[in-house]
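Residue numbers (the working numbering), protein chains in the order written: chain F, 6 to 337; chain G, 224 to 468; chain S, 575 to 809; chain P, 801 to 1252; chain Y, 25 to 321.
The beta carbon of each residue, even a glycine, is placed where N, CA and C say it ideally should be.
Given the structure is predicted, the values throughout are model-derived calculations rather than measurements.
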Amino acid sequence: MNRVTQYYPILPVLLAYAILFIVGQTVSGTWQLVATLLFYCAMGQAFNIFLGMTGYVDFGYVAFMGMGTYGMALAITRLAHLPGLGAVVIVIGFGLALLMATLLSLAVGAVALRLRGAYFAIATIGVNEGFRFLIEGARIWNGAEGMIFTAQLVNIVGSERASRLMTYWADVMVLAIAVLAAAVTLFYMRNRVGYALTALREDEDAAKVMGINVTKYKIIAFITSACFAGLVGAASWALKTPYVFPPEVFEIHYTVEAIIIVMLGGAGTLLGPIVGGLIYGISKYYLSIFLPGLQLLVFAPIIIVIIVMFPEGVVGVLKNRTRNTALGRFII
Amino acid sequence: MLLKLDNVTKRFGGLVAVDHVSLEIERGQFVGIAGPNGSGKTTLFNCISGVYFPEEGQIVFDDIDITRMPPYKRAPLGIGRTFQIPRPFSSATVRENVAVGAMFGTMSGQISVQESLKMADHTIELVGLQAHRDKAAGSLTPVEKKMTEIARALAMKPKLLLMDEAMAGMHPNDIDEMVAFIKRIARQEKIAIVAMVEHIMRALVNMAEKVIVLHQGAKLVDAPTQEALADPRVIEVYLGHPKET
Amino acid sequence: MLNVKRVESGYGSMQVLWQPSIQVKKGSITSLLGPNGVGKSTLLNTIFGSIEPWGGEVYYEEENVTRVPTHKKVEMGIALVPEGKHLFSNMTVYENLSMGAYLKRALAHKEESLELVYTLFPRLKERTQQLAGSMSGGEQQMVTIARALMTRPRLIMLDEPSQGLAPKLVREVFETIQKMKEEIGLTILLIEQNAEASLEAADFVYVMHEGIIKAQGTPDQIKGSAEIREAFLGI
Amino acid sequence: MNLRVFKRLMLIVAAVGFVLIGCQKPESKAPEKKAETAAEKTAAAPDKPAAGLDKILIGHPACLSGKYAKAGEQAVGGIKAALDWVNNTYGGVTLGGRKVPLEYIYYDCESAKEAVTSLIGRLAMSDKVHVVFSPYSSGLTLRGAPVTEANKILYMDHGGASNAIFRQGFKYIVQTIGPATSYHQGTLNMIKATDPAAKKVALAYEDSEFAKMVMEGAREHARKLGFEIVFERTYPKGVTDLTPLLSALKASNPDFILGGGHFEDGQLFNRQMADLGIDTKALSLIAAATLPAFYEALTNMAEGVMGPSHWEYGVKYSEREAKKVGLQWIGPSQDEFVALFKKAVGKEMIPDYHAAEAAAQVLAYTLAVEKANSVEVDPVRAALGDLTFMSFYGGWDVDDTGMQVGHTMVDVQWQNGERVIVWPPEAQTGKPVYPMPTFAEKAQGKKAIAGM
Amino acid sequence: MVVEQMAGNLIQGLVLGAVYGMATMGLSLIFGVLKVVNVGHGAFIMVGAFIALLLFNTLGINPVLAVPLAFLFGLGLGLLFYYSVMQRLIKAPELATLLATFSLGLLLQEVVKLLFGSEYRGYNWAVGKIDLGITVLPMSKLYACAGSALIAVLLYLWFNKTRAGSAMRSVVEDSEGARVCGVNVGAAYALSFSLGIGLTVASGVLLTMFIPVGINPYMGGHYTLKAFVIAVLGGLASPYGAFFGGLVFGLLENGSYTLFALIPGVEPFALTRFFSFLMLLIILLIRPTGLLSEKRT
């Protein structure tokens, strides 16, 4: 395998996103659906870098998306009155989103990554909820009232462009984030980080005596994952829907959705989050259209059956089946 | 002197698992560590590879004091290890498994992925696993897993290889093969090998230059193999003398 | 009493037992010798049912019990003293012993059994209220054996009862095993590394190596034979 | 083993296949529709009546499951009931001299924002609806707004009460529900008029965007009327025990209490006041006290408790009332509406204000289309801006931003197990009971019955 | 004034804490034996609340009597879920069990919603109250508190004095040891799971005796999070630890309100929540086995 062929698996990823993009562009009425699917894929892609590659379950993951949302929201609300900044504010917003997600992930990592298993999961739930109530209780960033800032966004980029941003460019940004997350995932997989993470996921103690600094690599994965989550929050929440309410951006439900997406597709695989995101998003969409009000009733048993029957997920199974075939070079 | 333990003691609560053990291992030497279950062999191994830090004493490897060095820093110095029940990274291929050893465990420490894979291929050939190179390690037979683990350790280019019950769980027919192989590799790569065994088996006798016998955490005998086997204390530990108190 | 025919078993995909067969006669002490890691414990656990057999059969009192669940086997009078004690450390000695008399048949004779184990192990009687986890290794081993006796077994399988014990205690354990056979009339299957002691105690001996039975015979036949020396010392 | 894996794989493939097939069907339909409506579009130019249009489509990403399921179910029922009336009693919307029926397309947004945009996208582009009704809550309403704006579709808001929605510069959003800041004005007016001696008011609201806006409005109005605010605190969403807050509130010894947020905390508020024996002359809770389930859950403890409501069964809005104030009247009478609602939901369920405001919105849209004689967004939006009318729901009028200003809220009080409208005087179905009985008296079975 | 309020709040907190503790015992029991975190915990509490509501409102059955009925119902539900789902996941990675229990909870919520709708409901079981001067306690709360304490004691006795209980305890201590004593370990797993669910469902009834309103299919979520904190306070694997954890939590939650309320410009209620999660993190860092757990050798 040479330097080029080892990056072949990015091709099906790019193909999947390209098809999604083209469908959204050409088939009328599907762009917003595609946007939602992209959101699920991006969220899965970002989460997979930590959950899939290390095997640690972070139940407070949504907090990083919340941080990203706040980062963008703060940039827009605090800088809207400055003249001449224009779209630079958005760039600053992304920067702030990254910064805040990184800071939170460092704090959480320092505390929670010492724990394993159920204790880690519960600790991360604690961080998420605790942080939300700190924001509400101490009235940080407007407390529970949150911020509504469509008007400021219009102020900054103009009303036509703001509208285009909210309904189109924000989704394209999510697409870019998803592709970037996939690329980083593959890059990690092909480099020391990926090898180290595979080793520590499979057997943390054995990995240690192989010379792997497990803490360092866990934190690398954690921060990378958090950064992408922050970007997803900034684009898909703060820009697509210019408001932020703490109970919504810390809603634990999103963490669960991310876990389901990763599990459905196959934890630790490159293509998994896309497949998982598509299956999850599309089936939810059509269930909500054909069986309005009953979709969760249908969905819950499906999840249970899948967990019991296919613990490796769709791509996991596919990967094992196609290993050492021509197709297998593209699927990881 | 490659490895030197000086009065190493490790306690768990009130239990003294390793009791003031001192020993020395030369470069390229093949040493057997024997002792019944619970005699402290595994704990001693864990102190050398860094899973535990001893309460007392000092461990010097290659003139570096490693007593309180975290395990991931010891590996690149040249300490490799295999486990009693093989613990390969099951979802990764054999090649990836071995490459991990080269990537993180070698002395230079910063070997690129490509180079590691090349080294892995070389090591895989050495241990004769070519046919299984791209299989997931989890799907191998126990012997193949064991070999994968050994290859992974060898790829670390260790100066010292700690082998934990290398032969346990193997079919008798495979053992001779394995013994011959380890012997050849050790000589070829100039690796000091410390093999931990419950009992001084034929396999060990054929290989080891010296044997260290542990009993209840303390060193009982440290002598060339034949001498150690003839030692009455060893026979007592293994066969026991109920009349003696 | 116990007839094990060509069983196969292991962990995950690793086969440990390669069809060993053994027989245990009623009222005898049968000893299974061999270095650690050769599958002795696996054999006991397979007989008992903690590990599922992959193949072969186990007969107990002429009945095929290969796939009978463990709690039924205990009810039928098979007891196991597992390696590594497996005591209930946060329970008192008395509670541990009571757990031995968990099944109905044993519960009906709890007082009798208690009296019996207190005569066998007088030290336990003094320490009924002590937490099992706080006792010394030798005492813990006593509790484990006593707890097994509380199940009122007819066949008792002991997995390295002398492991990690001082020589003096080892002797005590073997004395107890003798007593169990002679005074209570138990059938005993014993795993030991301590060859000398178990050769002295046993009526019949199997030597196990790498998952198969390498040699078998009376202690006299085995003692000093080439097989056992090879198995233990490689010479 | 391998066979099993293979079978599983096939199962997954089959499942994915199904999903994709399901995906295919509606999509392949879309282009046809597109062509169809493109033709309509030219036909439906402002001054030329839409000759080819055979139905007017209302789209709605309803909250039928998730946390707003209750409000969503009510809204869907209300819309269906109003549709029934427009199509069958009213004969359809008069457009270009023809009577065109309304059609209602709704999907379940699961009370989740991701679904809101994708479903509005579908409604706007595939289903080509002429108007989108917002989902419940201010957040979800805001989430949908950019999409409807970008597609230039009218967005009618019957579920998002936040005033902030209308400060964002959206062009096509029009509100039917009243803005949050006006919720407690009526209560304060009533107390001012009934009991000039009452001075001390305690405010205790949920810590959420909506409830805080209500509190802001209440605080301002209270100051204006000269009340003294002796206690002002919030509690977080999803609270399960209010005891600590109520103990502190009790210590401030207020004459009356205004508060609430959502339904669950309102019930809890009243219940724990009873448990702690906190008696005041009046208690008014937003969003909870006016719903039948409130009394069902609390029984006698709810006697005398008040709540502001957009609409209540029993309001006196009628054709005659409309004439009196010189407003156009449209829609079913209140009793007709209740009957239509029950028919629509298919069970014995009393409509609440969620249903009424959604229904009123259908009526507003009907009138606006007739007035504009078009379904094009700009003329209809302009018509809505000028429109004032009265229905069983009450008055309807919006300001330039689209915010509702013509609808006055009523104050309801539980009297002898019935909801009695006690304020404003012109809508009264009974006199207020003031002060309300103490909890001790209520525990003895005393009811709040207006004495003469 | 503040002191009086504080005292009143603490009394209320203690009473509530007992119910919280009881509502967490099932979670701890299941984790202790199966090492599974029941993420759907709150949904089972909700089922209990509905049982209390329906029995009271339709048949007029006193909630005190509903407790054992709910317990039995929970046992059945637990057995059903154990043998249909959990048994297959005992050795599966954490992720699978977390997701499975979450989905079971989701399923319950949706089924209850389908059957009874998503209305917020309540019932009114009037049995008087006592005025302590500094605060007022309705008798129903006291019954709930007493009931919780009683159940905790019964569970303790069951664990320590009965055969089945001691079998369960032995499985928690050492499942291999239990096996050689003749304990049917598989059955013990099933029993502990269903017992945990039974306790949780029963605690739902007790919670409605404390707060008889706001009963709704989605009410459980808040209790799940609280139960996690309480379980960690008491040592994740110990049911009695959970009970005392509940008492501590109730005191902290109510006590800290009075203190936070003294700080100007903040929302004290939200801060009490923050405080409890902060506690959780601190405990996890310092002593993951719980504040009250004995040190194990």
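Query                                                                                                                          : Result
Limits of the beta strand (DSSP E) - the one that G:Asn230 falls within                                                        : 226-235
Beta-carbon neighbours of F:Ile3, restricted to chain Y and to distances below 8 Å                                             : The first residue shown for chain F is 6 and the last is 337, placing residue 3 of chain F beyond what the model contains.
Burial state of Y:Gly41, where buried means 16 or more other Cβ atoms lie within 10 Å                                          : buried
According to DSSP, residues forming a beta bridge with Y:Val160                                                                : Y:Asp155
Exposed unless 16 or more other CB atoms sit within 10 angstroms - verdict on Y:Leu96                                          : exposed
Neighbour list for P:Lys1037 in chain F, Cβ cutoff strictly below 8 Å                                                          : Ala149, Pro252
Same chain only: Cβ atoms within 8 Å of P:Thr994, ignoring 5 sequence neighbours per side                                      : Pro1232, Tyr1234
F:Pro88 to F:Ala80 span [Cα, whole Å]                                                                                          : 14 Å
Under the three-state DSSP convention, the category G:Gln483 falls into                                                        : One cannot answer for residue 483 of chain G here, as it falls past the ends of chain G, which runs 224 to 468.
Beta-carbon contacts of F:Ala239 that lie in its chain and below 7 Å, excluding the five residues immediately before and after : Gly73, Thr74, Gly76, Met77, Gly98, Phe99, Ala102
F:Gln11 (DSSP reduced to helix, strand or coil)                                                                                : helix
Reference F:Ala23; option with closest CA among F:Ala143, F:Ala272, F:Leu43                                                    : F:Leu43
Any C-beta of chain Y under 7 Å from that of S:Ser624                                                                          : yes
Cβ-Cβ distance between P:Tyr907 and F:Ser288 below 7 Å                                                                         : no
For P:Leu1163 and P:Leu988, the rounded distance between their alpha carbons                                                   : 31 Å
Integer Cβ distance of Y:Tyr147 from Y:Asn86, believed to fall under 8 Å                                                       : Y:Tyr147 to Y:Asn86, Cβ: 11 Å. No contact.
C-beta contact flag for G:Ile347 and G:Ala374 at 7 Å                                                                           : yes
Residues that F:Val159 contacts on chain P, provided the C-beta gap is smaller than 9 Å                                        : Gln968, Gly969
Min CB distance G:Pro299 to chain F below 7 Å                                                                                  : yes
Runs of alpha helix (DSSP H) wholly within the segment 83-148 of chain Y (minimum 4 residues, chain order)                     : 87-108, 118-140
Pair within 7 Å by beta-carbon distance, G:Leu384 and G:Met370                                                                 : no
Amino acids of chain Y, ordered along the chain, whose beta-carbon sits closer than 7 Å to that of F:Ala305                    : Ser127, Leu130, Leu131, Glu134
Nonlocal neighbours in the same chain, by C-beta distance under 7 Å from P:Gly872, ignoring five residues either side          : Ala862, Cys863, Leu864, Tyr936
Identified DSSP bridge partners for P:Trp1129                                                                                  : P:Met1190
Interface residues of chain F facing Y:Gly289 [CB-CB closer than 8 Å]                                                          : Arg144
Among G:Lys413, G:Ala418, G:Leu452, G:Ala322, the one whose alpha carbon lies nearest that of F:Ala204                         : G:Ala322
Where Y:Phe140 meets chain F, residues with beta-carbon distance less than 8 Å                                                 : Correct list: empty, because the minimum Cβ distance to chain F is about 14 Å.
F:Leu315 burial status per 10 Å Cβ neighbour count (16 or more: buried)                                                        : The residue you asked about is not Leu; residue 315 of chain F is Phe in the sequence shown. Label assigned to F:Phe315: buried.
Beta-carbon spacing of P:Pro1036, Y:Asn278 below 7 Å                                                                           : no
Contacts that G:Arg310 makes with chain F (C-beta to C-beta distance below 7 Å)                                                : Asp208, Ala211
Touch test, the segment 229-239 of chain Y against the segment 280-289 of chain Y, Cβ-Cβ under 8 Å, three pairs minimum        : no
Under 9 Å (Cβ pairs) to chain Y, residues found in the segment 630-662 of chain S                                              : Pro643, Thr644, His645, Lys646, Lys647, Val648, Glu649, Ala653, Leu654, Val655, Pro656, Gly658, Lys659, His660, Leu661, Phe662
CB contact check: F:Tyr248 to chain P, cutoff 7 Å                                                                              : yes
Contacts that F:Thr172 makes with chain P (C-beta to C-beta distance below 7 Å)                                                : Pro946, Val947, Ala950
Candidates Y:Ala226, Y:Leu275, Y:Leu138: closest to Y:Gly102 by CA position                                                    : Y:Ala226
Test: Y:Glu118 CB closer than 7 Å to a CB of chain F                                                                           : yes
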